[in-house]
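Each residue of the sequence shown is one higher than the one before, starting from 41 at the first, in the working numbering.
Report on the structure given below.
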Amino acid sequence: MPSQTPPHPFQRAPHTTLVRLALPVLVSLAAEPITGAVDTAFVARLGAPSLAALGVGATLLSGVFWIFNFLGVGTQTEVAQRLGRQASREAAEISTLALTLAFILGLALLVLGYGLIPVAVDFMEATGRVYEDAVVYMRIRLWGAPAVVVTLAAFGILRGRQDMTAPLAIAAGLNLLNIVLDALLIFGLGPLPAMGIRGAALASALSQWVGAVWAIVVVQASGGLKWRWVPEHLRRLLHIGGDMFLRTGLLTAFLVLTTRAATQIGPEAGAVHQAIRQVWVLTALLLDAFAISGQSLVGYFLGCGDRLQARRVAGLVCLWSFGAGLFLAIAMGLGTHWVALAMVPAAARPLFPAAWTVALIFQPINAFAFATDGIHWGSGDFGYLRNAMLGASAAGALAVVLLDTTHPRALVWLWAITGGWVSLRALFGILRVWPGVGRSPLAAKPEIVNSG
Numbered sequence: 041m042p043s044q045t046p047p048h049p050f051q052r053a054p055h056t057t058l059v060r061l062a063l064p065v066l067v068s069l070a071a072e073p074i075t076g077a078v079d080t081a082f083v084a085r086l087g088a089p090s091l092a093a094l095g096v097g098a099t100l101l102s103g104v105f106w107i108f109n110f111l112g113v114g115t116q117t118e119v120a121q122r123l124g125r126q127a128s129r130e131a132a133e134i135s136t137l138a139l140t141l142a143f144i145l146g147l148a149l150l151v152l153g154y155g156l157i158p159v160a161v162d163f164m165e166a167t168g169r170v171y172e173d174a175v176v177y178m179r180i181r182l183w184g185a186p187a188v189v190v191t192l193a194a195f196g197i198l199r200g201r202q203d204m205t206a207p208l209a210i211a212a213g214l215n216l217l218n219i220v221l222d223a224l225l226i227f228g229l230g231p232l233p234a235m236g237i238r239g240a241a242l243a244s245a246l247s248q249w250v251g252a253v254w255a256i257v258v259v260q261a262s263g264g265l266k267w268r269w270v271p272e273h274l275r276r277l278l279h280i281g282g283d284m285f286l287r288t289g290l291l292t293a294f295l296v297l298t299t300r301a302a303t304q305i306g307p308e309a310g311a312v313h314q315a316i317r318q319v320w321v322l323t324a325l326l327l328d329a330f331a332i333s334g335q336s337l338v339g340y341f342l343g344c345g346d347r348l349q350a351r352r353v354a355g356l357v358c359l360w361s362f363g364a365g366l367f368l369a370i371a372m373g374l375g376t377h378w379v380a381l382a383m384v385p386a387a388a389r390p391l392f393p394a395a396w397t398v399a400l401i402f403q404p405i406n407a408f409a410f411a412t413d414g415i416h417w418g419s420g421d422f423g424y425l426r427n428a429m430l431g432a433s434a435a436g437a438l439a440v441v442l443l444d445t446t447h448p449r450a451l452v453w454l455w456a457i458t459g460g461w462v463s464l465r466a467l468f469g470i471l472r473v474w475p476g477v478g479r480s481p482l483a484a485k486p487e488i489v490n491s492g
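Structure (structure tokens):
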């Protein structure tokens with residue numbers, strides 16, 4: 041039976057509470073891809089090779105950073121569940137440990153990754169100017185790696201405490217700074233020389249360090265830090281990290297393969313793929329707003345021992361996410377012309393409409409994939425998510441490898457494969473809750489269902 045805890049606002053006003061939590065998350069998540077879209081628009085003015093290089097570099101770096109997102113996701117779940125148990129001291133200890141691990145891992149990524157950048161870019165089949173610009177871009181951006189990983193952990197701490205407004209302020213501030221620095225450093229102003237794609241990379245790295253320092257100050261001010269060495273906390277974070285590392289690595293590998301395939305098709309296809317991918321990332325993170333809010337609520341209620349409320353959260357997260365997915369598909373359809381003008385070089389625009397249409401069709405299904413990710417993160421079901429990603433990414437990767445990149449509609453088929461990959465993830469996620477396959481933490485229990 042659920043333990044006795046003070047009533048949570050969700051129990052009185054579920055829709056209002058979910059939306060109230062999701063709105064600031066939505067804006068904070070939108071800040072980074074909007075900045076990425078601005079980066080894309082700026083760099084597009086430098087020509088198709090520079091834009092394709094941005095696509096290669098951004099895909100590789102984003103993939104690597106996503107791998108370390110387990111610190112944010114795992115910490116959010118652990119903090120939310122501890123607060124549900126009224127164990128605030130343990131929540132603070134886990135928060136401190138997560139920030140420490142984040143800084144160490146970020147430094148390791150900088151040191152170990154710097155020399156591997158040319159190999160990674162070469163793997164992406166980039167050649168000539170695209171190769172040179174991608175290497176330069178990544179080497180500058182990598183100096184911001186410790187800051188990125190620390191910020192991921194700090195945001196997980198704050199969201200685990202159901203504080204969604206602080207990450208919003210930090211994300212908006214650092215990304216606004218990035219846009220300003222883009223304008224100054226890419227094209228130059230007064231005594232500042234035009235740095236081209238180097239300026240885009242430097243703008244990102246500098247703004248990321250500002251955001252990391254800001255995030256640590258906010259966490260400390262909230263009383264969320266307390267150093268105490270607890271081996272069990274470390275073991276738990278590392279266990280989550282192992283599952284999340286593999287899951288995110290598989291996700292990243294699939295996205296890298298799709299970008300590599302687009303680059304093989306040709307520079308114009310690579311440029312179009314980068315533009316669509318950037319908008320796809322924007323819509324995906326917007327959908328994730330409900331998932332992240334649901335993660336905190338599911339974790340909190342499971343910490344309280346109230347499985348019925350956790351399942352109620354899961355249902356509402358899927359409902360609101362699906363509605364958001366439909367809205368985004370319609371918005372993408374209406375914005376086709378303007379996106380092409382703003383983000384796609386003129387020479388590549390003939391390839392854009394068909395691939396873009398396929399991408400928007402899968403948005404409602406994509407919504408379920410993200411919604412169920414958040415639900416299972418909140419329940420701590422990281423092993424299942426790892427296995428589900430393994431199945432979906434293995435199928436998707438096989439399809440990408442078999443794709444004929446010389447086919448006239450190869451880019452369209454590439455996005456159709458991406459849609460199939462998303463559909464498998466959504467299916468696995470839904471089945472884990474309804475009906476609750478396997479040893480699901482959210483499976484309906486007769487005693488709980490009857491009590492409702």
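Cβ atoms here follow ideal geometry from the backbone N, Cα and C, with glycine treated the same way.
To the nearest angstrom, report how far apart ARG389 and ALA301 are at their CA atoms.
So the alpha carbons of these two residues sit roughly 18 Å apart.
Taking the C-alpha atoms as reference points, what is the distance between ALA194 and VAL462?
Rounded to the nearest angstrom, the two C-alpha atoms are 28 Å apart.
Under 8 Å between the Cβ atoms of LEU100 and LEU325?
No, the Cβ-Cβ distance between LEU100 and LEU325 is not below 8 Å.
What's the call for ARG129, buried or exposed, on a 16-neighbour Cβ count within 10 Å?
So ARG129 counts as exposed.
When we look at the beta-carbon of VAL477 and count the other beta-carbons within 10 Å, is it buried (16 or more) or exposed?
By the 10 Å Cβ count, VAL477 comes out exposed.
Would you be able to state if there are at least three C-beta pairs under 8 Å between the region 48–68 and the region 343–360?
Contact between the region 343–360 and the region 48–68 is present, because at least three Cβ pairs lie under 8 Å.
What number of angstroms, rounded off, separates the C-alpha of ALA435 from the C-alpha of TRP106?
Rounded to the nearest angstrom, the two C-alpha atoms are 21 Å apart.
Leaving out the 5 sequence neighbours to the left and right, which residues in its chain are closer than 6 Å to ILE189 when beta-carbon positions are compared?
Correcting the residue type first, residue 189 is Val in the shown sequence and not Ile. Excluding positions up to five away in sequence, the list reads PHE108, ALA142, LEU145, GLY146.
Using beta-carbon positions only, say whether TRP453 and LEU443 come within less than 8 Å of one another.
Cβ distance < 8 Å, so TRP453 and LEU443 count as in contact.
According to DSSP, simplified to helix, strand and coil, what is LEU111?
LEU111: helix per DSSP, three-state reduction.
Which same chain residues end up closer than 7 Å to ALA407 when comparing Cβ atoms and leaving out the 5 residues on each side of it in sequence?
Closer than 7 Å at the Cβ level, and outside the excluded window around ALA407, lie LEU327, SER361, PHE362, ALA364, GLY365.
When the Cα of PHE392 is compared with those of MET372, ALA132, GLY460, which residue comes out closest?
Taking only the C-alpha atoms, the option nearest PHE392 is MET372.
Only counting runs of 4 or more residues, tell me where the alpha helix (DSSP H) segments fall wholly within the region 76–128, in order along the chain.
Listed in chain order, the complete alpha helix (DSSP H) runs (minimum 4 residues) inside the region 76–128 are 88–107, 110–124.
For TRP183, which residues from the same chain have a beta carbon less than 6 Å from its beta carbon, with the 5 sequence-adjacent residues on both sides left out?
Counting only Cβ-Cβ distances below 6 Å, and skipping sequence neighbours, we find ALA245.
Start and end of the alpha helix (DSSP H) containing VAL338?
307–344 is the span of the alpha helix (DSSP H), which, as asked, contains VAL338.
With 16 other CB atoms within 10 Å as the buried threshold, where does ASN490 fall?
In this prediction, ASN490 scores a pLDDT of 35, lower than 50, which makes its location untrustworthy; no coordinate-derived value is stated.
Tell me LEU229's beta-bridge partners as DSSP assigns them.
LEU229 is bridged to LEU232.
Counting only the same chain and skipping the five closest in sequence on each side, list residues whose C-beta sits under 6 Å from that of ALA428.
Same-chain partners within the cutoff: PHE468.
How many whole angstroms separate the CB atoms of LEU342 and GLY124, which I take to be in contact at a CB cut-off of 8 Å?
About 7 Å; that satisfies the 8 Å criterion.
Roughly how many angstroms lie between the CA atoms of LEU232 and LEU225, to the nearest whole one?
Those two C-alpha atoms are separated by around 7 Å.
Return the chain-ordered list of same chain residues with a C-beta closer than 6 Å to the C-beta of GLY339, the five sequence neighbours on each side being excluded.
Around GLY339: THR117, ALA120, GLN121, GLY418.
So ALA243 and LEU221 are supposed to be a Cβ contact under 8 Å. How far apart are they, rounded?
That belief holds up - the Cβ atoms of ALA243 and LEU221 are roughly 3 Å apart, short of 8 Å.
Report the residue from ALA439, ALA187, VAL384, TRP249 whose alpha carbon sits nearest the alpha carbon of SER309.
Sequence inspection shows Ala at residue 309; the Ser mentioned does not correspond to that position. Checking every option, the nearest Cα to that of ALA309 belongs to VAL384.
Looking at the secondary structure, which residues open and close the alpha helix (DSSP H) in which VAL250 lies?
Counting along the chain, the alpha helix (DSSP H) containing VAL250 begins and ends at 237–261.
Roughly how many angstroms separate the alpha carbons of SER135 and ALA252, rounded to a whole number?
Between SER135 and ALA252, the C-alpha separation is close to 15 Å.
Does DSSP classify THR292 as helix, strand or coil?
Residue state, collapsed to three classes: helix.
Span of the alpha helix (DSSP H) holding LEU171?
The residue you asked about is not Leu; residue 171 is Tyr in the sequence shown. Its alpha helix (DSSP H) spans residues 168–181.
Alpha carbon to alpha carbon, how far is VAL83 from ASP346?
Roughly 50 Å separates the two Cα atoms.
Nearest to THR80 by alpha carbon, out of VAL312, VAL151, ALA138?
Ranking the options by Cα distance to THR80, first place goes to VAL312.
To the nearest angstrom, how far is the alpha carbon of ILE488 from that of LEU348?
Confidence is the limiting factor: at ILE488 the pLDDT is only 40, short of 50, which leaves the residue's position unreliable and the question unanswerable from this model.
Does the beta-carbon of THR446 have 16 or more other beta-carbons within 10 angstroms, so that it is buried, or is it exposed?
Exposed: under 16 other Cβ atoms inside 10 Å.
May I ask which residues mark the beginning and end of the alpha helix (DSSP H) holding ALA371?
Taken as a continuous stretch (DSSP letters only), the alpha helix (DSSP H) holding ALA371 covers 347–374.
What is the DSSP secondary structure of SER419, reduced to helix, strand or coil?
Coil at SER419, not helix or strand.
In whole angstroms, what separates the C-alpha of SER336 from that of HIS279?
Between SER336 and HIS279, the C-alpha separation is close to 19 Å.
Looking at the structure shown, is LEU477 part of a helix, part of a strand, or coil, going by DSSP?
Strictly speaking, residue 477 in this sequence is Val, with Leu absent from that position. Three-state result, VAL477: coil.
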